[in-house]
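Student:
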Amino acid sequence: MSRAGEAAGRRFMDPKDITGPSLLEALGPSVTALEQKWKSARVTWGEVNRLQRQHWDGDEAFRDDAPSLAVPGGPGWLGMIYVFNAQTGEESRRQYGTSGNSYVSVVEFAPRVRAASVVYFGQSGRPDSPHYFDQAPIYARGQFKPAWFHRDEVSANAVRRYRPGQR
1 MSRAGEAAGR RFMDPKDITG PSLLEALGPS VTALEQKWKS ARVTWGEVNR LQRQHWDGDE
61 AFRDDAPSLA VPGGPGWLGM IYVFNAQTGE ESRRQYGTSG NSYVSVVEFA PRVRAASVVY
121 FGQSGRPDSP HYFDQAPIYA RGQFKPAWFH RDEVSANAVR RYRPGQR
């Protein structure tokens with residue numbers, strides 16, 4: 001145990017005190033829990049940590065038999081870039097994302113700014129929109145899409161243009 005941890009009233013293991021037996025003892029309860037829930041301790045993070053789109057009214061429950069994607073990320077306190085807080089549904093083994101980053105972006109501040117981003121679901125809250133869940137597979141692969149920053153990029157990639165008063 002580290003002396004700094006002891007002095008602060010916290011119990012931290014000093015890395016030099018971690019041995020095979022102490023590591024196995026510390027992992028024992030987790031292995032037991034995985035074996036009880038999944039019938040194996042060899043479960044990938046993506047099998048457990050899932051992204052499933054629900055309607056915004058919140059009346060839908062997460063369901064293991066409904067479509068979902070394996071995703072990276074985890075709680076922010078673990079230092080994750082993809083902050084993805086998840087919880088287990090009432091009748092599910094998997095955990096599903098309930099909060100986290102609204103989007104993740106990288107920006108290069110060069111003479112001509114370049115950027116890339118990803119939104120966990122999509123830009124629309126309407127289930128009938130093609131943009132309801134379109135970015136989820138990009139996020140699940142740990143990738144980004146271009147974030148058009150300049151007028152010429154936006155114009156070149158516009159699907160349609162709108163002016164106030166138009167339908």
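Its first residue numbered 1, the sequence shown is counted upward by one per residue in the numbering used here.
Glycine is no exception: its CB is placed at the ideal position from the N, C-alpha and C atoms.
1) Helix, strand or coil, according to DSSP, for Tyr-139 in the structure here?
2) Can you tell me whether DSSP reads Arg-3 as helix, strand or coil?
3) When the Cα of Glu-60 is compared with those of Gly-73, Gly-89, Asp-128, which residue comes out closest?
4) Tell me which residues share the same chain as Arg-126 and place their Cβ nearer than 8 Å to its Cβ, disregarding the 5 neighbours each side in the sequence.
5) With a threshold of 8 Å on Cβ separation, who are the neighbours of Val-154 within its own chain once the five nearest residues in sequence on each side are excluded?
6) Relative to the C-alpha of Val-118, which candidate in Gln-36, Gly-97, Arg-141, Ser-129 has its C-alpha closest?
7) Per the DSSP calculation, Thr-98 is bridged to which residue(s)?
8) On the DSSP bridge assignment, give the partners of Lys-145 in chain order.
9) Would you check if the segment 26-34 and the segment 95-110 touch, i.e. whether three or more CB-CB distances between them fall below 8 Å?
10) Go ahead and pull the three-state DSSP assignment for Thr-44.
11) So, with DSSP's three-state summary, where would you put Thr-32?
12) What are the boundary residues of the beta strand (DSSP E) that Ala-86 is part of?
13) Strictly by DSSP, which residues pair up with Arg-50?
14) What are the partner residues of Ser-129, as DSSP defines its beta bridges?
15) Please classify Arg-50: is it buried, with 16 or more other beta-carbons within 10 angstroms of its beta-carbon, or exposed?
16) Going by beta-carbon coordinates alone, are Pro-72 and Asn-85 separated by less than 8 Å?
17) Name, in chain order, the residues that DSSP records as bridge partners for Glu-108.
Tutor: From the atom records:
1) Looking at Tyr-139 - three-state DSSP - the assignment turns out to be helix.
2) Caution is warranted here: a pLDDT of 48 is assigned to Arg-3, below 50, making its placement in the model unreliable, and no coordinate value can be reported.
3) Closest option to Glu-60, Cα to Cα, is Gly-89.
4) Excluding sequence neighbours, Arg-126 sits near Tyr-132.
5) By the criterion of a C-beta distance shorter than 8 Å, Val-154 is surrounded in its chain by Trp-148, once the five residues flanking it on both sides are discounted.
6) For Val-118, the closest alpha carbon among the candidates Gln-36, Gly-97, Arg-141, Ser-129 is that of Arg-141.
7) Bridge partners of Thr-98: none, in fact.
8) Paired residues: Ser-117.
9) Per the Cβ contact rule, the segment 95-110 is not in contact with the segment 26-34 (fewer than 3 Cβ pairs under 8 Å).
10) Looking at Thr-44 - three-state DSSP - the assignment turns out to be coil, as it is neither helix nor strand.
11) Looking at Thr-32 - three-state DSSP - the assignment turns out to be helix.
12) 84-88 is the span of the beta strand (DSSP E), which, as asked, contains Ala-86.
13) Per DSSP, the beta-bridge partners of Arg-50 are Ala-70, Tyr-96.
14) Partner(s): none; Ser-129 has no beta bridge.
15) Counting the other CB atoms within 10 Å of its CB gives Arg-50 a total of 16 or more, which places it among the buried residues.
16) Not closer than 8 Å, so no.
17) In the DSSP output, where bridge partners are listed per residue, Glu-108 has Arg-114.
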